[in-house]
Amino acid sequence: MFGESVTRRVEELVGGGLKTARLVVEAAAEPVLGAAERGVHTAYTVLDEYLARGKEAAKRYEMPTPGSPTMSDQRQNGMWNAFGPMGPMMAQAAGPWMQVARMWSDSMSQFVPGGQQAMDQWMAMWPAMAGVASRAAAPVRVQVASTRPVAVQVSLAPGAEYMTLGASPVAQGGETLGGVAVSTAEGRVTVSVTVADAQGAGTYRGPVVDGGGNPRGELVVEISTS
Amino acid sequence: MIATGCATDGALVPSVLKEYGDAARRMLFEYLPSSEPRRYLYDLLADYPRRGGRAFRPSLCMATTRAFGGSPDMALRTAVSIELVHNAMLIHDDIEDESDERRGRPTMHKEHGVPISINVGDMLSMLAMRPLLDNQHLLGGSLALRIVEETERMARESAEGQAMELGWRRDNPQDVTEHDYLEMVLKKTCWLATIHPSRAGALIGTRGAIDPDRFLRFGFLIGAAFQIQDDLLNLVGDARSYGKELGGDIREGKRTLMLIQLFQRATPEERRRLHRFLGRPRTRRTDAEVAWVRARMDHYGCIDDARQVAHGLAGAATHEFARVYGALPDSRDKAFIEALPRWVLTRS
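Protein sequences appear in the order of chains A and B.
If you use my numbering, the first sequence corresponds to residues 75 to 300, in order.
If you use my numbering, the second sequence corresponds to residues 569 to 916, in order.
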């Protein structure tokens, strides 16, 4: 059943984990991926991805330092908290392009817990709120100002709409997306995203946190190139 | 006090399983209330635990504690909690899988109905909290709370894995890969069967002075080998010792490695037929169709392939054992854990 040769072969193959396994496979002059080797290789890939996801999640849900600029009270309004002390300047600089910005309703989406029907009913109360698409029941309003197509995904923990919420840095690699604000009032969540023309395209992610800095959800903003 | 004796080679694993399993089972029954309503609840709590089982999970927890220098008594309540959660999940799994047999007898919901069985499973899950709370007298509040957190993590991972499998069964996708399967097994099987018992056991043995993530690789690899072997036994095992309906996984539409391989190797026409078969309710899947699926698995070497994967994973688990446990002093418990990858593949 369980041959020593198989054990030895696999041990040779996976010595040092996935990287070694890959090196062995790549360096082999002849195909070495029998079922055992393939299974081990796949298993280490699954593990590495699993661990990487955990590491990434831990990073994203790291408790913000109290009083840090991103959560400071120096914001001028709900739109600019992510700029911290730079908020007023950014608001002034962004003024002209904001005037020509348009809502990209066809490219926005929200993903929040619950069903479609209740959200549609709630949405019907806001006939003038152009550019907001809904896919769930939690009362979330998304406002986007951008000259490019932008997709916004909001995932919130159940009950988060009744907490004081804010956005931690929404970032992609080292680049932070300014102009992101999350606020709540009477069980309704408002997410505002303002994208500057100079902002790089890509997918920006960041946690939605409560007043104590605890993660209560995630915000994903996808900015297209044009 | 739990005695520790000596056994060698093939006798070691069964010997340790019996010793630690008996200890855990004895204490488990002490946690089962004997008040009313007995007929519809409390008498049924003991049903699955009384049917036997190898007590693999509690034994691994206790052996790990001892291998890391603790006393197995320190891990006993955690081991009981693991066994209670395991039995609770078995009851719910049997309902979700529409299984007919468990450990050689009709499943609980076949004997007592679905509503009562769900409630019994719920109660077993709740009861699993009690030994963890009692841990604080033995382990101290901080370590006891840590074990509760570990248990919560395990329960979450298990439910996520179960959700993946149930989703596949409901939506009948044709593109589930070996990678998807192993990810599902990591969550559904390995966290409860091997990762959690190892992590909790080591935390207890070291009084919380170890990074439990060290046990992810070993736990995953041996747990995945365990699951694939379990799925193989469903096809080629001995009906009496297996305790469940042979071929039942095919009838249930369970996404095993063999079925995934068959999807990948079958002709387009065979794939369509397989898809139609899996798209029907379980009660409308005929014996002839189950036999056809099984024959195609043989034809394409899916069973041999899966067996090789299980062997490979067990070999890799042996490799990871050396990395995690290698520096520990030799002991019966260390030898038991080292012998598990081989035992996983040779059990019937």
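All C-beta atoms in this analysis are idealised placements derived from N, C-alpha and C, irrespective of residue type, glycine included.
Just so we're clear, the structure is a prediction, and the values are computed from it rather than from any experiment.
Item: When we look at the beta-carbon of Ala631(B) and count the other beta-carbons within 10 Å, is it buried (16 or more) or exposed?; Value: buried
Item: Taking Thr116(A) as the query, report the chain B residues whose CB atoms sit under 7 Å from its CB, ordered along the chain.; Value: Glu746, His747, Leu750
Item: Under three-state DSSP, which class holds Gly871(B)?; Value: Checking the sequence, you will find Ile at residue 871(B) rather than Gly. Ile871(B): helix per DSSP, three-state reduction.
Item: Nearest chain B C-beta to Leu125(A) closer than 8 Å, yes or no?; Value: yes
Item: Assign Glu46(A) to one of three DSSP states: helix, strand, or coil.; Value: Chain A is shown from 75 up to 300; residue 46(A) falls before or after that span and cannot be answered.
Item: Return the chain-ordered list of same chain residues with a C-beta closer than 6 Å to the C-beta of Met752(B), the five sequence neighbours on each side being excluded.; Value: Gly729, Met732, Glu733
Item: Per DSSP, what are the beta-bridge partners of Gly276(A) in this structure?; Value: Ile297(A)
Item: Using alpha carbons as the reference points, say which of Gly240(A), Thr264(A), Gly253(A) lies closest to Pro213(A).; Value: Thr264(A)
Item: Taking C-alpha atoms, which residue in Ser639(B), Ala792(B), Leu827(B) lies nearest to Arg881(B)?; Value: This sequence places Leu at residue 881(B); Arg is not what is there. Considering only alpha carbons, the answer is Ala792(B).
Item: Answer yes or no: does any C-beta atom of chain A fall closer than 8 Å to that of Phe624(B)?; Value: no
Item: If you measure between the beta carbons of Thr646(B) and Asn703(B), is that distance less than 8 Å?; Value: yes
Item: Start and end of the beta strand (DSSP E) containing Val924(B)?; Value: Given a span of 569 to 916 for chain B in the structure shown, any question on residue 924(B) remains unanswerable.
Item: DSSP on Arg670(B), reduced to helix/strand/coil?; Value: strand
Item: Note down, one range per segment and in chain order, each alpha helix (DSSP H) of at least 4 residues found wholly within the region 750-820 of chain B.; Value: 764-773, 784-804, 807-810, 816-820
Item: Between Gly233(A) and chain B, is any beta-carbon pair separated by less than 8 Å?; Value: no
Item: Compile a chain-ordered list of the residues in the region 882-914 of chain B whose CB is closer than 7 Å to at least one CB of chain A.; Value: Ala882, Gly883, Ala884, Thr886, His887, Arg910, Leu913, Thr914
Item: Against chain A, does Gly880(B) count as a neighbour if the rule is that its beta carbon must be under 8 Å from one of theirs?; Value: yes
Item: Using a Cβ-Cβ cutoff of less than 7 Å, which residues in the same chain neighbour Gln742(B) once the five nearest sequence positions on both sides are dropped?; Value: Phe831, Arg839, His843
Item: Who are the Cβ neighbours of Asp799(B) in its own chain at under 8 Å, not counting the five residues just before and after it?; Value: Asp817, Lys822, Thr824, Leu825, Met826, Ala874
Item: Verify the CB distance criterion: does Glu817(B) have a CB-CB separation below 8 Å to chain A?; Value: A small correction: the amino acid at residue 817(B) is Asp; Glu does not occupy that position in the sequence shown. No - not a single Cβ of chain A is within 8 Å of the one on Asp817(B).
Item: For Pro289(A), list the residues DSSP reports as bridge partners.; Value: Val283(A)
Item: Relative to the alpha-carbon of Asp284(A), which residue among Gly276(A), Val294(A), Val120(A), Ser257(A) has its alpha-carbon at the smallest distance?; Value: Ser257(A)
Item: Which runs of the beta strand (DSSP E) fall wholly inside the region 673-705 of chain B and span at least 3 residues, in chain order?; Value: none
Item: Over what stretch of residues does the alpha helix (DSSP H) that includes Arg607(B) continue unbroken?; Value: Arg607(B) -> no alpha helix (DSSP H), and no H or E assigned at all.
Item: Give me the chain B residues within the contact set of Glu111(A), using Cβ-Cβ distance strictly less than 8 Å, ordered along the chain.; Value: Gly880
Item: In the DSSP assignment, the beta strand (DSSP E) including Ser229(A) goes from what residue to what residue?; Value: 224-230
Item: Thinking C-alpha only, which one of Ala777(B), Ala635(B), Lys586(B) is nearest Pro897(B)?; Value: Ala635(B)
Item: In chain order, what residues of the same chain have a beta carbon less than 6 Å from the beta carbon of Ser649(B), not counting five sequence neighbours either side?; Value: Ala696, Pro699, Leu700
Item: Count Cβ pairs between the region 877-893 of chain B and the region 616-631 of chain B that sit closer than 8 Å; are there 3 or more?; Value: no
Item: Are Glu296(A) and Thr268(A) touching if we call contact CB-CB under 8 Å?; Value: no
Item: Quick one: what's got a C-beta closer than 7 Å to His654(B)'s C-beta in the same chain, skipping five residues either side?; Value: Arg625, Leu760
Item: Determine, using beta carbons only, whether Leu251(A) and Arg290(A) come nearer to each other than 8 Å.; Value: no
Item: Count Cβ pairs between the region 601-617 of chain B and the region 865-872 of chain B that sit closer than 8 Å; are there 3 or more?; Value: no
Item: So Leu711(B) and Ile772(B) are supposed to be a Cβ contact under 8 Å. How far apart are they, rounded?; Value: 7 Å
Item: On the DSSP bridge assignment, give the partners of Glu598(B) in chain order.; Value: Glu598(B) pairs with nothing; no bridge assigned.
Item: Determine whether the beta carbon atoms of Ile659(B) and Ser685(B) lie at a separation below 8 Å.; Value: yes
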